[in-house]
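2 protein chains.
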Amino acid sequence: MTRYNHPTRILVALDCIIFGFDGEFLKLLLIKRNFEPEKGKWSLMGGFLNEEEDLEVAAARILYELTGLRDIYVEQLQTFGKVDRDPVERTVSVGFFALINIDDHDPEAVKAHNAYWISLNDIPELIFDHAKMVELARERLRYKAALHPLGFELMPEKFTIPQLQKLYEAIYGMTLDRRNFSRKLLSTGLLIDTGEKNENSATKKATLYKLNREKYQDKFHEFWNFMPDTFLI
Amino acid sequence: MTRYNHPTRILVALDCIIFGFDGEFLKLLLIKRNFEPEKGKWSLMGGFLNEEEDLEVAAARILYELTGLRDIYVEQLQTFGKVDRDPVERTVSVGFFALINIDDHDPEAVKAHNAYWISLNDIPELIFDHAKMVELARERLRYKAALHPLGFELMPEKFTIPQLQKLYEAIYGMTLDRRNFSRKLLSTGLLIDTGEKNENSATKKATLYKLNREKYQDKFHEFWNFMPDTFLI
DNA sequence: CCAAAAGTGTTTCCCATACACCCATGG
DNA sequence: CCATGGGTGTATGGGAAACACTTTTGG
Numbered sequence: 001m002t003r004y005n006h007p008t009r010i011l012v013a014l015d016c017i018i019f020g021f022d023g024e025f026l027k028l029l030l031i032k033r034n035f036e037p038e039k040g041k042w043s044l045m046g047g048f049l050n051e052e053e054d055l056e057v058a059a060a061r062i063l064y065e066l067t068g069l070r071d072i073y074v075e076q077l078q079t080f081g082k083v084d085r086d087p088v089e090r091t092v093s094v095g096f097f098a099l100i101n102i103d104d105h106d107p108e109a110v111k112a113h114n115a116y117w118i119s120l121n122d123i124p125e126l127i128f129d130h131a132k133m134v135e136l137a138r139e140r141l142r143y144k145a146a147l148h149p150l151g152f153e154l155m156p157e158k159f160t161i162p163q164l165q166k167l168y169e170a171i172y173g174m175t176l177d178r179r180n181f182s183r184k185l186l187s188t189g190l191l192i193d194t195g196e197k198n199e200n201s202a203t204k205k206a207t208l209y210k211l212n213r214e215k216y217q218d219k220f221h222e223f224w225n226f227m228p229d230t231f232l233i
Numbered sequence: 001m002t003r004y005n006h007p008t009r010i011l012v013a014l015d016c017i018i019f020g021f022d023g024e025f026l027k028l029l030l031i032k033r034n035f036e037p038e039k040g041k042w043s044l045m046g047g048f049l050n051e052e053e054d055l056e057v058a059a060a061r062i063l064y065e066l067t068g069l070r071d072i073y074v075e076q077l078q079t080f081g082k083v084d085r086d087p088v089e090r091t092v093s094v095g096f097f098a099l100i101n102i103d104d105h106d107p108e109a110v111k112a113h114n115a116y117w118i119s120l121n122d123i124p125e126l127i128f129d130h131a132k133m134v135e136l137a138r139e140r141l142r143y144k145a146a147l148h149p150l151g152f153e154l155m156p157e158k159f160t161i162p163q164l165q166k167l168y169e170a171i172y173g174m175t176l177d178r179r180n181f182s183r184k185l186l187s188t189g190l191l192i193d194t195g196e197k198n199e200n201s202a203t204k205k206a207t208l209y210k211l212n213r214e215k216y217q218d219k220f221h222e223f224w225n226f227m228p229d230t231f232l233i
């Protein structure tokens, strides 16, 4: 079998930055490592690329292994390739950015990997360059969520507008005007009124909406404007 | 020396999508391969990642080798990792997106690599998945140039507003209103009037501007709006 | 009846758009 | 003096932002 005449073949790893939202805080699914290397420390969920496996397939495999979920929102973040990023051996790692509904994950799988949902405000020290990956993923979320209706990926099937507003306020660390936010969202035509109300409320029950999936697919790449003009990245 | 107990180490390649603008057309720097594999066919400029070399350093090395330029605009595009993307051997390739002033490149280096500037309208068939890389890079350029003052990277040191408008029209394949474009650009405060005029003109000579580099650095990541609101990706 | 949260309405003001007009230059 | 392209001015409309008010619910 023919091969290239180049000496350097390298381990290719994948690391997944997995976001969730519990109604109040933005969270990441992190692993308290009960295996080597760096046993006992915190890290992202990762794995190695196999010989006969597409890169995206490997990412889906690793995400499924930890969360029990398929067909979730995943995009490539960036590839990290500093020589010394992994002290064990030269490794290039492709970072993947995932958004899931925090209620959908399989608790068994998460527990089996010794993984926990950690608020973005309380991220512990992470191994290797994982902190840099998290920071970049956070910027990417802030960037894209301002322009595209990304936030729905973090919501349950049915949700209220105030819940969605809380998500945006968590992403950007700022408060938003209730009335303008609601109008902006409804004007996108992305919301379908389910006719139901949120029963978990001590006051006026908010309307439960679901996502208009067809329109969401069609218009996802258009530029929208989910944040006030006064907001700057 | 300790190593990971994983069997698959893979060649890591880099491929560079290099954009230039000649005043009329957007162009790519492509290679007519006079070496194996796929000798005689067209491809992007690429190379392999070395053992003791950071990924970004490798990209800069490859770009320097072809153009003779350092400190140009480079960003990671995406990593391509289909199993069969390279028929010679399993190879993962990191795509890099570069913007250069077409007049600055070293013609000797370009000639030595048998490279040519090809208009984006006339891209020939490319090897492997390079056509996909080009398409993605093109989308990235269209995306970012609408939001950030990226276009200046493709301009010479001194340029006129009509020249810049021609660039945007080439990127998006549409005509723009002269007067609104000019106002929008000037209102950013990114342009410094050099006091000189473009002498290569048969009619009224346009003002030559240069980029306000400090402001450009500071404000690059803010959201701007260089395209009409009616424009959708 | 009251407090807290959800929903709807209104006014104002800025800015993007779509125009028209004037200026400079070479032939 | 005229054709071509560069530069400046202006009216208008839509939409974002900043507000006030009403409605629903549980206690």
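Chains A and B, in that order, are what the protein sequence lines are.
In this text, residue positions in the first sequence follow full-length UniProt numbering: the first is 1, and each later residue adds one.
In this text, residue positions in the second sequence follow full-length UniProt numbering: the first is 1, and each later residue adds one.
Ideal Cβ positions, reconstructed from N, Cα and C, are used throughout, including at glycine.
Quick caveat: nothing in here was measured; it's all calculated off a predicted structure.
### Message
Under 8 Å, with one C-beta from each stretch per pair, do the segment 146-162 of chain A and the segment 6-14 of chain A reach the 3-pair mark?
### Response
no
### Task
Output, in sequence order along the chain, the residues in the segment 112-141 of chain B whose CB is closer than 7 Å to any CB in chain A.
none
### Message
Using the three-state DSSP reduction, which class does A/I18 fall into: helix, strand or coil?
### Response
strand
### Task
Give a yes or no on whether 7 Å exceeds the smallest Cβ distance from B/F217 to chain A.
Per the sequence shown, the amino acid found at residue 217 of chain B is Gln instead of Phe. With 7 Å as the cut-off, B/Q217 does not count as an interface residue toward chain A.
### Query
Taking 7 Å as the CB-CB limit, is B/V94 close to chain A?
yes
### Task
Taking all protein chains shown into account, decide if A/Q78 is buried (16 or more other Cβ within 10 angstroms of its Cβ) or exposed.
buried
### Query
How would you list, in chain order, the residues of chain B whose beta-carbon sits under 7 Å from the beta-carbon of A/I31?
Under the 7 Å cutoff, chain B gives no residues; its nearest Cβ is about 17 Å from A/I31.
### Message
Please state whether the Cβ-Cβ distance between B/A98 and B/L63 is less than 7 Å.
### Response
yes
### Beta-bridge pairing of B/R9 - partner residues as DSSP gives them
A/L11
### Task
Indicate whether at least one CB of chain A lies closer than 7 Å to the CB of B/T188.
no
### Straight-line Cα distance separating A/G95 from A/G81
11 Å
### Query
If you count every other CB in all the chains shown that lies within 10 Å of the CB of B/T91, and 16 or more means buried, which is it?
buried
### Query
Using a Cβ-Cβ distance under 7 Å, would B/E38 count as near chain A?
no
### Task
Assign B/V74 to one of three DSSP states: helix, strand, or coil.
strand
### Cβ-based contacts, 9 Å cut-off: residues of the segment 52-64 of chain A near chain B
E52, E53, D54, L55, E56, V57 and A58
### Query
Roughly how far, in whole angstroms, is the beta-carbon of B/I118 from the beta-carbon of B/I100, given that I think they are within contact range, below 8 Å?
Rounded, the Cβ-Cβ distance is 15 Å, inconsistent with contact.
### Message
Does A/D122 pass the burial test, meaning 16 or more other C-beta atoms within 10 Å, or should it be called exposed?
### Response
exposed
### Task
Determine the direct distance from the alpha carbon of B/Y209 to that of B/I161, and round the result to whole angstroms.
8 Å
### Message
On the DSSP bridge list, what partners appear for A/A98?
### Response
A/I18 and A/V74
### Task
For the segment 181-189 of chain B and the segment 135-142 of chain B, state whether three or more C-beta atom pairs, one from each stretch, are separated by less than 8 Å.
no
### Message
Distance cutoff 7 Å, beta carbons only. Does B/V74 sit that close to anything in chain A?
### Response
no
### Message
Taking DSSP's pairing of strands, which residues face B/L167 in a bridge?
### Response
None, per the DSSP bridge assignment.
### Helix, strand or coil at A/V83 according to DSSP, with G and I counted as helix
coil
### Query
Any beta-carbon of chain B closer than 7 Å to the one on A/G195?
no
### Query
So, is the C-beta of A/T2 closer than 7 Å to a C-beta in chain B?
yes
### Query
Excluding five sequence neighbours on each side, which residues of the same chain lie with their C-beta closer than 7 Å to the C-beta of B/Q76?
V94 and F96
### Task
Write down the C-beta distance between A/E52 and B/V110 rounded to the nearest angstrom, noting that I regard them as a contact closer than 8 Å.
Rounded, the Cβ-Cβ distance is 38 Å, inconsistent with contact.
### Message
Rounded to whole angstroms, what is the Cα-Cα separation between A/H221 and A/K144?
### Response
10 Å
### Alpha carbon of A/K197 to alpha carbon of A/E157, nearest angstrom
14 Å
### Query
Buried or exposed: where does B/F35 fall if 16 or more other Cβ atoms within 10 Å of its Cβ makes it buried?
exposed
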